[in-house]
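Colleague: So that we are looking at the same thing, I have put the structure below in structure tokens.
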Amino acid sequence: MKIGALRPSSQKLCRATLEAVDLKHRRNIVELGPGSGVITRHILSALKKEDRFFAVEIDGAFYRQLRARFPETAVFHDSAENIPFLLERQKMRKMDAVISGLPWTLFPDRLSRDILRKVSENMSEDGVFVTLCYWHAQYLPTGLRLKRLLQDYFGQVEMTPTVWSNVPPIFLFRCGKSTVR
């Protein structure tokens, strides 16, 4: 089990995540590495009737917890590497928003690149990819590597303001194929 979070996401982080994604302009939404589902609950409450959503969780305990907590929601016990197959299974052509809680700093380079390539290839042209990053990690080799990786796969990489009330403080990388709207 690879868990990157030290504590569950704060309410302010959940709100900041939804603001970064701007769900009112998105129809096909995917969450990678939802963990215990704290952000998932906020996503589900913000979805419109016509929106489509699914989550991908590799950890068996978290997967079972998510299935019990959100029985009407499509949750896959799988790897984010299999996103093309899962999109096909859900009859989704492209993703308009991808929200990631994946622990990038714990992944080997090959795995990070494989997931980011598949996300980028399967995202709509005006789609957005948002991933969490602990504030202190931006200065560490693993955080710097993540930023470089994101720049390799997305035309635009922005850092949102830090959510200082989260423990530890966290910000989001907000990425798009071109300019993120």
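Each number in our numbering corresponds to the 1-based position in the sequence shown with 45 added. Think of the CB as a built atom: it goes at the ideal place given N, C-alpha and C, for glycine as much as any other residue.
Among 200, 100, 88, which one has its Cα closest to the Cα of residue 123?
Modeller: Ranking 200, 100, 88 by Cα distance to residue 123 puts 100 first.
Colleague: Using DSSP's beta-bridge definition, name the partner residues of residue 169.
Modeller: BP columns for residue 169 are empty, so no partner.
Colleague: Residue 146 lies in the alpha helix (DSSP H); which residues open and close that run?
Modeller: Where residue 146 is concerned, there is no enclosing alpha helix (DSSP H), given that its DSSP letter is neither H nor E.
Colleague: Just curious, the beta strand (DSSP E) that residue 97 is in, first and last residue?
Modeller: Here the beta strand (DSSP E) through residue 97 covers 97-102.
Colleague: Under 8 Å Cβ to Cβ from residue 162, same chain only, skipping five residues before and after it: list those, please.
Modeller: 198, listed in sequence order.
Colleague: Per DSSP, residue 137 is paired with what?
Modeller: Answer is none; residue 137 lacks a bridge partner.
Colleague: Residues in the same chain with beta-carbon distance under 7 Å from residue 164, minus the five sequence neighbours each way, listed in chain order, please.
Modeller: For residue 164, where only same-chain residues beyond five positions count, the Cβ hits under 7 Å are 128, 143, 174.
Colleague: Rounded to whole angstroms, what's the CA-CA distance from residue 98 to residue 73? Just pull it up for me.
Modeller: Spanning the two alpha carbons is a distance of roughly 6 Å.
Colleague: State the Cα-Cα distance for the pair residue 108 and residue 77, rounded to the nearest angstrom.
Modeller: Going by the C-alpha atoms only, they are around 12 Å apart.
Colleague: Provide the residue span of the alpha helix (DSSP H) that contains residue 77, from first to last.
Modeller: Element bounds for residue 77: not the alpha helix (DSSP H) but the beta strand (DSSP E), 73-77.
Colleague: With a threshold of 6 Å on Cβ separation, who are the neighbours of residue 103 within its own chain once the five nearest residues in sequence on each side are excluded?
Modeller: Here the set comprises 124.
Colleague: Report, in whole angstroms, the separation of the C-beta atoms of residue 213 and residue 179, which I expect to be a contact under 8 Å.
Modeller: 5 Å between Cβ atoms; contact.
Colleague: Work out the CA separation of residue 80 and residue 114 for me, nearest whole Å.
Modeller: When rounded, the distance between both Cα atoms is 12 Å.
Colleague: Which residues does DSSP list as the beta-bridge partners of residue 174?
Modeller: 143, 220, per the DSSP bridge assignment.
Colleague: In this structure, what does DSSP give as the bridge partners for residue 203?
Modeller: According to DSSP, residue 203 bridges with 219.
Colleague: Can you look up residue 83 in the DSSP assignment and give me helix, strand or coil?
Modeller: If DSSP states are grouped into helix, strand and coil, residue 83 belongs with the helices.
Colleague: Out of 138, 166, 156, 205, state which residue places its alpha-carbon closest to the alpha-carbon of residue 176.
Modeller: The shortest C-alpha separation from residue 176 is found at 205.
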